[in-house]
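Remarks on the structure that follows.
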Amino acid sequence: RKEVEQDPGPFNVPEGATVAFNCTYSNSASQSFFWYRQDCRKEPKLLMSVYSSGNEDGRFTAQLNRASQYISLLIRDSKLSDSATYLCVVNMGTSSNTGKLIFGQGTTLQVKP
Amino acid sequence: NAGVTQTPKFRVLKTGQSMTLLCAQDMNHEYMYWYRQDPGMGLRLIHYSVGEGTTAKGEVPDGYNVSRLKKQNFLLGLESAAPSQTSVYFCASSYGGGAGEETQYFGPGTRLLVL
Chain A
1 RKEVEQDPGP
11 FNVPEGATVA
21 FNCTYSNSAS
31 QSFFWYRQDC
41 RKEPKLLMSV
51 YSSGNEDGRF
61 TAQLNRASQY
71 ISLLIRDSKL
81 SDSATYLCVV
91 NMGTSSNTGK
101 LIFGQGTTLQ
111 VKP
Chain B
114 NAGVTQTPKF
124 RVLKTGQSMT
134 LLCAQDMNHE
144 YMYWYRQDPG
154 MGLRLIHYSV
164 GEGTTAKGEV
174 PDGYNVSRLK
184 KQNFLLGLES
194 AAPSQTSVYF
204 CASSYGGGAG
214 EETQYFGPGT
224 RLLVL
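Note that the protein sequences, when read in sequence, are chains A and B. Residue numbering for the first sequence follows this note's numbering, starting at 1 and increasing by one per position. Residue numbering for the second sequence follows this note's numbering, starting at 114 and increasing by one per position.
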């Protein structure tokens with residue numbers, strides 16, 4: 001089983017749609033969770049951290065379910081500019097705090113006019 | 114701030130040739146990382162460093178070596194390139210490794226083709 005699993009998609013949605021991505025992780029000791037965004041042929045960039053209580057940043061909402069080892073990202077009112085690959089990222093956490101992050105393979109979103 | 118920069122942006126090598134990829138960051142970050150990204154595989158950690166003069170192996174270290182002689186630079190070396198090393202290489206850095214410090218900032222990537 002992969003340490004971080006995502007549905008690769010692609011998700012094709014019309015502008016204005018609401019879309020949700022899910023991610024599962026295997027290590028129950030994982031400490032920190034993130035969503036990164038990667039545009040085509042560009043580097044990954046942090047979109048948002050994911051907190052236990054859930055958090056929102058404009059049209060984006062991230063949720064964490066530790067019991068089910070499950071993370072989600074909800075995008076409301078999709079824009080053409082949201083088209084990208086969304087990477088689920090987990091810090092497994094060790095006593096040495098190496099900062100090593102485990103990246104999912106990404107979910108591709110294509111927003112169409 | 115330039116953030117994280119990588120040199121070169123693109124390179125073509127023949128099997129058996131060697132090369133060094135350079136990563137530089139101007140954010141005074143302690144931790145630095147080298148990843149490779151292949152279609153369907155996601156980002157995989159090659160080597161990382163938790164401070165000047167330190168290096169450690171990641172998930173896929175074979176065929177690569179690294180050095181961190183200066184805090185701001187992290188070099189990735191390929192001693193004898195193989196076609197399996199054709200990939201996009203990303204460097205990243207973070208302030209630290211603990212909670213709240215581990216956000217990684219990436220360079221623009223180096224596209225390497227080994228013939």
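Glycine included, C-beta positions come from ideal geometry on N, C-alpha and C. Just so you know, these numbers come straight off a predicted model, no measurement behind them.
Considering only heavy atoms of the ligand MN, does any lie closer than 7 Å to the CB of residue i?
i	result
residue 222 (chain B)	Among the components of this structure there are no ligands whatsoever, and the ligand MN is therefore not found.
So, are the CB atoms of residue i and residue j less than 8 Å apart?
i	j	result
residue 158 (chain B)	residue 100 (chain A)	yes
residue 203 (chain B)	residue 145 (chain B)	no
residue 102 (chain A)	residue 4 (chain A)	yes
residue 37 (chain A)	residue 67 (chain A)	no
residue 167 (chain B)	residue 181 (chain B)	yes
residue 228 (chain B)	residue 128 (chain B)	yes
residue 73 (chain A)	residue 33 (chain A)	no
residue 138 (chain B)	residue 163 (chain B)	no
residue 109 (chain A)	residue 77 (chain A)	no
List the residues of chain B whose Cβ lies closer than 7 Å to the Cβ of residue i, in chain order.
i	result
residue 31 (chain A)	212
residue 105 (chain A)	153, 154, 155
residue 43 (chain A)	203, 219, 220, 221, 222
residue 73 (chain A)	Ordered by position in chain B, no residue passes the 7 Å Cβ test against residue 73 (chain A), which lies about 16 Å from the chain.
residue 124 (chain A)	Since the displayed chain A opens at 1 and closes at 113, residue 124 (chain A) lies outside it and no answer follows.
Per DSSP, residue i forms a beta bridge with which residues?
i	result
residue 56 (chain A)	A:61
residue 5 (chain A)	A:24
residue 124 (chain B)	B:225
residue 19 (chain A)	A:75
residue 12 (chain A)	A:110
residue 180 (chain B)	B:188
residue 102 (chain A)	A:90
If you follow the beta strand (DSSP E) that residue i is part of, which residue opens it and which one closes it?
i	result
residue 136 (chain B)	132-138
residue 151 (chain B)	144-151
residue 110 (chain A)	107-112
residue 88 (chain A)	84-91
residue 186 (chain B)	186-191
residue 32 (chain A)	32-38
residue 202 (chain B)	200-207
Chain A partners of residue i, CB-CB under 8 Å?
i	result
residue 226 (chain B)	Within chain A, no residue comes near residue 226 (chain B); the closest Cβ sits about 14 Å away, beyond 8 Å.
residue 164 (chain B)	Those within 8 Å of residue 164 (chain B) in chain A number zero; the least Cβ separation is about 11 Å.
residue 177 (chain B)	Here the premise fails: no neighbours, minimum Cβ distance about 16 Å.
Starting from the beta carbon of residue i, find every residue of chain B whose beta carbon is closer than 8 Å, and list them in chain order.
i	result
residue 91 (chain A)	212, 215
Given that residue i touches chain A, what residues does it touch there, using C-beta distances under 7 Å?
i	result
residue 158 (chain B)	100
- Query: Going along the stretch 47-67 of chain A in order, which residues come within less than 9 Å of chain D, judged by CB to CB distance?
  - Reply: The question asks about chain D, but that chain is absent: this structure's protein chains are A and B.
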